[in-house]
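Under the working numbering, think of the first position of the sequence shown as 65, with each following residue one higher. We put the CB at the ideal spot given by N, CA and C, even for glycine. A quick note: this is a predicted structure, and the numbers were derived from the prediction, not measured. A short worksheet on the structure shown next.
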Amino acid sequence: MNEKEQLTIWHEQLISIINDVNTPHTLGGITNDANRAHDSRLARRALDNLIILSEEINAKREDD
């Protein structure tokens, strides 16, 4: 895999993370317990994915 392909993969992962955070509920305000629970799960998943992505990028920097 070349550098451009790797950057594209990371870019797509970052967009996915942003989409998890930018749900209709978070953009319009949390209105009930179900929305709050759903947004909480999305936020946890986004944070986990952001940590993983950060670790991948840092590992790649150390290799280069």
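{"query": "Compare the C-alpha of Asp84 against each of Asp112, Asp128, Ile73 and Thr72 and name the closest.", "result": "Asp112"}
{"query": "With a 10 Å radius around its C-beta and 16 neighbouring C-beta atoms as the bar for buried, classify Ile81 as buried or exposed.", "result": "buried"}
{"query": "Return the Cβ separation of Leu71 and Leu117 in integer angstroms, given the expectation that the two are a contact with Cβ distance under 8 Å.", "result": "Not a contact, Cβ separation roughly 12 Å."}
{"query": "Comparing C-alpha positions only, which one of Ile73, Asn86 and Glu69 sits nearest to Ala110?", "result": "Asn86"}
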